[in-house]
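Numbering (numbering that gives the first Met the number 0), first residue to last: 0 to 480.
Everything on this sheet refers to the single structure shown next.
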Amino acid sequence: MSVLVRRLRALPLRSRLALLVAAAVAAAVAAVAVTCWFITRGQLYDQMDNELRSQVTSLSQNAQASDLLTCTSAPIQQRNLPGPTIQVIRSDGQSCTWRGRTGIPVQPSDLAVADGASSHTLHTTDNDAGQAMRVLTVGVTSPGGHQIQGIAVSIASPLSEVTKPLTTLAWVLLLVGGIGVVGAGAAGLGVARTGLRPVDQLADAVEHVARTEDLTVRIPVEGDDEIARLSESFNQMTASLASSRELQQQLIADAGHELRTPLTSMRTNIELLTRSEETGRAIPPDDRKALLASVKAQMTELAALIGDLQELSRTGLSAAEGPLKVVSLRDTVRSALERARLRGPELTFDVELAPWYVRAEPAALERVIVNLLDNAVKFSPPKGTVEVHLMRGTLTVRDHGPGIPADELPHVFDRFWRSPTARALPGSGLGLSIVARTVESLGGEVALAAADGGGTVATMKLPGAPTPPPEVPQMRGDIPA
């Protein structure tokens with residue numbers, strides 16, 4: 000059985016489907032054929048038995064015939080008459096043929112009918128010529144309706160009247176069933192080829208993509224069945240891969256462009272310092288100090304850019320950053336505020352924080368808030384105010400700077416995008432992109448908009464709860480601010 004299963008699995012899918020259809024049809028045809036054969040067999044036997052009963056009833060009532068009472072065989076002319084074989088049986092075992100050339104062996108059940116122990120008997124036996132016969136034996140009754148003791152009459156018909164039609168029927172059913180099975184197999188193969196044509200197209204498309212890495216291949220979608228859904232899923236997958244490749248290429252191009260600027264500037268400054276050492280012409284101390292400061296600043300910008308690229312590549316991959324934990328968002332904002340105050344000591348921070356707990360990776364969540372606060376600190380005017388409010392999971396950070404033009408707001412979360420008015424300020428253009436990716440991975444939302452009265456307001460919403468789960472210990476910093 001296991002060998003057969005392995006061989007079936009080795010066949011192509013369309014061949015297996017054709018075999019399954021043929022096997023199912025064969026089983027159905029066999030069940031119908033066997034049922035039909037048995038029903039017909041039963042009806043033919045019942046018909047033969049009924050005919051024997053109708054013929055023997057009138058014969059057994061003819062008790063005045065001397066040859067019937069004396070058990071004398073009829074003349075040869077009478078015995079050659081067409082019809083069933085009729086035989087008279089005496090209780091002493093003697094028998095005589097009244098019609099028919101060949102006698103029928105007397106059975107004990109026949110003698111029981113002749114003795115009056117039984118009213119009738121129906122059985123199958125072979126006659127003296129070896130032919131199978133269906134035999135019905137009944138007692139002989141007088142005109143008064145009483146059975147005459149010591150004598151019985153048997154009437155028999157050859158079983159060939161039943162077996163020949165049954166044999167013919169069996170051959171017809173076998174032929175028709177065989178044709179039906181072969182036709183079903185052919186139809187199943189045709190249906191399998193037609194039904195699996197989209198699968199073949201999908202397989203060809205996958206092989207083409209694997210061979211050429213061409214992600215522009217699309218499969219026509221017809222209907223709304225499972226094959227159509229599979230084709231649509233493949234098209235969506237290739238479209239997503241193509242989009243991902245484009246984004247990857249764009250990221251590489253943007254990163255190369257952004258890295259080229261500090262590298263070029265740093266190379267120029269280092270060449271000036273090197274040329275000064277090689278030629279022996281000293282650079283004025285103030286200029287040399289400015290060159291070294293510029294090299295240091297460019298190295299710092301380059302390191303920050305590389306760090307931002309690494310963070311952007313890890314955004315949304317919790318396993319790379321660490322396990323998710325239940326974190327107090329208010330405590331995280333407070334920690335980020337301490338860093339923001341160091342970067343803008345002349346600024347005033349208007350803070351109002353309510354308790355809120357989220358499920359996040361602590362370091363990634365703090366980076367998000369730090370980026371939002373750094374953005375507000377960067378664009379705030381000297382001695383300005385930064386408003387930080389947290390209420391029911393919604394964190395708002397507002398500055399009172401120049402604001403962002405309305406036509407630039409849709410691009411603020413794009414990678415490497417920087418407003419023309421902010422290109423002179425430090426930064427890589429990746430901070431807000433990292434914020435958006437991280438917040439989306441946590442199931443939240445983030446947006447920037449123009450604030451009433453001037454400035455920009457950043458809004459971040461994270462799902463969570465105002466109180467920690469029961470298994471999380473209460474923190475001392477959870478007292479409302």
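The C-beta atom is built at its ideal place from N, Cα and C for all residues, glycine as well.
This structure is a prediction, so every number in the text was calculated from the model and none was measured.
Compute the Euclidean distance between the alpha carbons of residue i and residue j, then round it to the nearest angstrom.
i	j	result
valine 205	alanine 227	16 Å
alanine 435	glutamate 444	8 Å
arginine 475	proline 354	Here the model assigns arginine 475 a pLDDT of 44, short of 50, so the residue's position is not dependable, and the following value carries that caveat. About 12 Å.
isoleucine 305	glycine 222	49 Å
arginine 340	glutamate 386	13 Å
glycine 383	valine 438	28 Å
proline 381	leucine 346	7 Å
arginine 391	valine 326	14 Å
proline 479	leucine 290	Confidence at proline 479 is low in this model, with a pLDDT of 38, below 50, so its placement is unreliable and no value can be given for it.
valine 112	serine 94	13 Å
alanine 17	leucine 158	42 Å
serine 490	serine 275	A question about residue 490 goes unanswered here, because the residues of the chain that appear run from 0 up to 480.
alanine 191	leucine 19	11 Å
glycine 115	tryptophan 170	44 Å
phenylalanine 37	aspartate 127	29 Å
What is the C-beta distance between residue i and residue j, in whole angstroms, given that I count them as a contact (C-beta under 8 Å)?
i	j	result
isoleucine 150	arginine 89	6 Å
aspartate 109	serine 53	Not quite, the Cβ-Cβ distance comes to about 20 Å (not below 8 Å), so this is no contact.
leucine 51	proline 83	7 Å
isoleucine 85	arginine 98	4 Å
proline 104	threonine 124	6 Å
valine 456	leucine 431	With 8 Å as the limit, valine 456 and leucine 431 do not qualify as a contact, their Cβ atoms being about 14 Å apart.
valine 24	valine 180	6 Å
alanine 520	leucine 408	As displayed, the chain neither begins before 0 nor continues past 480, which places residue 520 out of reach and without an answer.
valine 28	glycine 189	Not quite, the Cβ-Cβ distance comes to about 19 Å (not below 8 Å), so this is no contact.
Count the other C-beta atoms from every protein chain shown that fall within 10 angstroms of the C-beta of residue i, then say buried if there are 16 or more, exposed otherwise.
i	result
asparagine 370	buried
alanine 423	Per-residue confidence for alanine 423 stands at a pLDDT of 47, beneath the threshold of 50, marking its modelled position as unreliable; no derived number is given.
threonine 529	The shown model of the chain, from 0 to 480, leaves out residue 529, and the question about it has no answer.
histidine 207	exposed
phenylalanine 233	buried
serine 242	exposed
leucine 173	exposed
asparagine 49	exposed
aspartate 398	buried
arginine 266	exposed
glycine 41	exposed
arginine 13	buried
glutamate 225	exposed
arginine 366	buried
threonine 215	exposed
glycine 400	buried
threonine 166	exposed
Please name the residue in the options whose C-alpha comes closest to that of residue i.
i	options	result
glutamate 212	Ala405, Asp224, Thr237 and Gln200	Thr237
valine 87	Val137, Gly115, Ser53 and Gln42	Val137
methionine 298	Asn268, Leu51, Cys95 and Ala281	Asn268
valine 134	Thr140, Arg196 and Leu121	Leu121
alanine 292	Ile403, Ser379 and Ser264	Ser264
alanine 335	Asp373, Thr347 and Asp114	Asp373
leucine 447	Arg192, Gly453, Leu441 and Met459	Met459
phenylalanine 378	Arg366, Ile403 and Gly392	Ile403
threonine 39	Val161, Pro104, Asp114 and Thr123	Val161
leucine 328	Gln130, Ala209 and Leu352	Leu352
aspartate 203	Gly189, Val180, Lys324 and Ser230	Ser230
isoleucine 368	Val396, Arg358 and Phe348	Val396
Could you spell out the range, first to last residue, of the beta strand (DSSP E) harbouring residue i?
i	result
valine 175	Not the beta strand (DSSP E): valine 175 falls in the alpha helix (DSSP H), residues 159-194.
isoleucine 88	84-89
threonine 466	Looking at the DSSP string, threonine 466 is not in any beta strand (DSSP E), and its letter there is neither H nor E.
valine 502	No statement about residue 502 is possible, as the shown extent of the chain runs from 0 to 480 and does not include it.
phenylalanine 348	347-352
leucine 447	444-449
valine 488	The shown model of the chain, from 0 to 480, leaves out residue 488, and the question about it has no answer.
glutamate 212	From DSSP, glutamate 212 is part of no beta strand (DSSP E); its letter is neither H nor E.
aspartate 413	Note, aspartate 413: premise wrong, no beta strand (DSSP E); not H, not E.
Is residue i a contact residue of the ligand FAD, with contact defined as CB to any heavy atom under 7 Å?
i	result
glycine 453	The model on display carries no ligand, and the ligand FAD is accordingly not part of it.
Grab the span of the alpha helix (DSSP H) containing residue i for me, first residue to last.
i	result
arginine 366	361-378
arginine 329	328-342
valine 112	107-113
Examine chain B for any beta-carbon lying closer than 8 Å to the beta-carbon of residue i, and answer yes or no.
i	result
proline 261	The structure shown contains no chain B, having only a single protein chain.
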